[in-house]
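Take my numbering: the last position of the sequence shown gets the number 227, and nothing is skipped along the way.
For each residue, glycine too, the CB sits at the ideal point set by N, CA and C.
To start, the structure under review is shown below, and the notes come after it.
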Amino acid sequence: MTDRRTVIRERHLLNIGLTTHEGRSVRFYDDLVKGKVVAINFMFTSCQIACPLITPHLVEVQRALGERAGREVTFLSISLDPAHDTPAVLRAYARTFGAGPGWYFLTGRRTDVERLRRALGVYDLDPLVDADRAQHAGLIVLGNEPRARWKAIAGLSQPIRIRQAIERTILDPARWATGAGVVAAVPFEVSEAVEPPDLSSLPALPRRGLPADQ
14 MTDRRTVIRE RHLLNIGLTT HEGRSVRFYD DLVKGKVVAI NFMFTSCQIA
64 CPLITPHLVE VQRALGERAG REVTFLSISL DPAHDTPAVL RAYARTFGAG
114 PGWYFLTGRR TDVERLRRAL GVYDLDPLVD ADRAQHAGLI VLGNEPRARW
164 KAIAGLSQPI RIRQAIERTI LDPARWATGA GVVAAVPFEV SEAVEPPDLS
214 SLPALPRRGL PADQ
């Protein structure tokens, strides 16, 4: 019987080729995800709606994690507009927002990025909405690849919520912080949502309907 980690890797962690904002060629699974804890989001530098809010949230989270950022957690931001978002454009974007070490802004072939986005479940069920890049899903996918532990949280959640979700992704449940201190850190808001999907249970999506390569 195939183990859960293998199922997730084969169905959802596509080993597509990407280029970092530093101009380095990498493979999504082999170089960026395998054996790591990751926080993954999809964005594009000319986005005027969600990205200018989500990126500062992630910057705040990365700083709050301190030395664990880069060492224990890798941030991956993948462009939905690879034709425009060259490594140089992504490098300027990362510098503008103050992204620190251990955070990679990535570009690649549009069809590959779309395949990966769908494989990770970051899409809208309404195909018309999903086709509109300006309305892209603002989810952050959190994964502990060695332990096959995956979840997602809204990128517009308060940064402390995102940090708490990342910490729970890193640690065994027995080591999770609990009690009044956690609750008091920030009041829960109904608008916030944490989704704990089991990626191994998601069906493989067909390739039809993908955009033409650019």
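6 angstroms CB neighbourhood of residue i in its chain, flanking five on each side removed
{"i": "D125", "result": "I29"}
{"i": "G36", "result": "P100"}
{"i": "R146", "result": "L93"}
{"i": "V102", "result": "T58"}
{"i": "V142", "result": "Q148"}
{"i": "R18", "result": "A161"}
{"i": "Y106", "result": "T58"}
{"i": "A132", "result": "H25, L27"}
Residue i versus residue j - alpha carbon distance
{"i": "L66", "j": "F55", "result": "13 angstroms"}
{"i": "D137", "j": "G121", "result": "21 angstroms"}
{"i": "A8", "j": "T87", "result": "It is not possible to answer for residue 8, since the shown part of the chain is limited to 14 through 227."}
{"i": "H149", "j": "H25", "result": "19 angstroms"}
{"i": "L45", "j": "R160", "result": "16 angstroms"}
{"i": "E205", "j": "A178", "result": "In this prediction, E205 scores a pLDDT of 46, lower than 50, which makes its location untrustworthy; the coordinate-derived value is nonetheless stated afterwards. Their backbone Cα atoms lie some 12 angstroms apart in a straight line."}
{"i": "K49", "j": "L184", "result": "13 angstroms"}
{"i": "A144", "j": "R104", "result": "26 angstroms"}
{"i": "E127", "j": "Y117", "result": "18 angstroms"}
{"i": "G113", "j": "A52", "result": "14 angstroms"}
{"i": "R174", "j": "E80", "result": "19 angstroms"}
{"i": "A63", "j": "L169", "result": "8 angstroms"}
{"i": "H34", "j": "D98", "result": "9 angstroms"}
{"i": "C60", "j": "H70", "result": "15 angstroms"}
{"i": "R176", "j": "A96", "result": "32 angstroms"}
{"i": "R181", "j": "L119", "result": "25 angstroms"}
{"i": "F110", "j": "R22", "result": "31 angstroms"}
{"i": "V72", "j": "D16", "result": "35 angstroms"}
Same chain, Cβ closer than 8 angstroms to residue i, neighbours up to 5 away in sequence not counted
{"i": "G115", "result": "Q75, A82, G83, R84, V86, T87, F88"}
{"i": "L129", "result": "L27, I29, F41, I91"}
Coarse secondary structure for residue i, derived from DSSP in three states
{"i": "A112", "result": "coil"}
{"i": "R22", "result": "helix"}
{"i": "I175", "result": "helix"}
{"i": "V126", "result": "helix"}
{"i": "A167", "result": "strand"}
{"i": "Y136", "result": "coil"}
{"i": "I29", "result": "coil"}
The alpha helix (DSSP H) enclosing residue i, as first and last residue numbers
{"i": "L141", "result": "140-144"}
Cut-off 7 angstroms between Cβ atoms - residues of its own chain near residue i, not counting five sequence neighbours on either side
{"i": "V135", "result": "F55, A150, L152, V154"}
{"i": "R108", "result": "none"}
{"i": "S38", "result": "G30, T32"}
Start-to-end residues for the beta strand (DSSP E) that takes in residue i
{"i": "A161", "result": "No beta strand (DSSP E) holds A161; DSSP gives it neither H nor E."}
{"i": "H99", "result": "Per the sequence shown, the amino acid found at residue 99 is Thr instead of His. Unbroken run through T99: none, as it is neither H nor E."}
{"i": "L89", "result": "87-92"}
query: What are the complete beta strand (DSSP E) segments, minimum 3 residues, inside the region 34-83?
result: 38-40, 50-56
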